[in-house]
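Numbering (the working numbering), first residue to last: 973 to 1101. Idealized CB from N, CA, C, for every residue including glycine. It should be emphasised that the depicted structure is a prediction, and the values quoted were computed from it without experimental measurement.
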């Protein structure tokens, strides 16, 4: 914890929170459509938050192979959790951009050809023009 009493959430914390939300929604028999919409919004938030952290905060030095790989593994854990809950379509749809950024960070970029291939083949959600 830092001086602001701010707790840095771990992957375990995030998965536990997602599970608690799902348990609560199931306990009160919330309509499946509403549950999917709620988790779609949560996955969208995760995508947006992580995307903005990677792109907008260069001082964090998240634009590296190491963080691309680490973030990709963490996102895979969230996607695996979503699949076990029947929410794989929502997670796939809403985590695509940040997954593509992780792929971009992990891919070789030795020359212009590598970069052209990478941009044209693997980043269709990032390059929406």
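Inter-residue spacing [alpha-carbon to alpha-carbon] between residue 1080 and residue 1033: 18 Å
Where residue 1003 falls: helix, strand or coil (DSSP): coil
For residue 1022, the nearest candidate out of 1000, 1043, 1061 (CA to CA): 1043
Limits of the unbroken alpha helix (DSSP H) element including residue 1054: 1037-1056
Cβ-based burial, residue 1059 [other Cβ within 10 Å; buried from 16]: buried
Contacts around residue 1025, its chain only, beta-carbon distance under 8 Å, and the 5 residues preceding and following it disregarded: 1032, 1034
Pairwise C-alpha distance: residue 1012 and residue 1041: 24 Å
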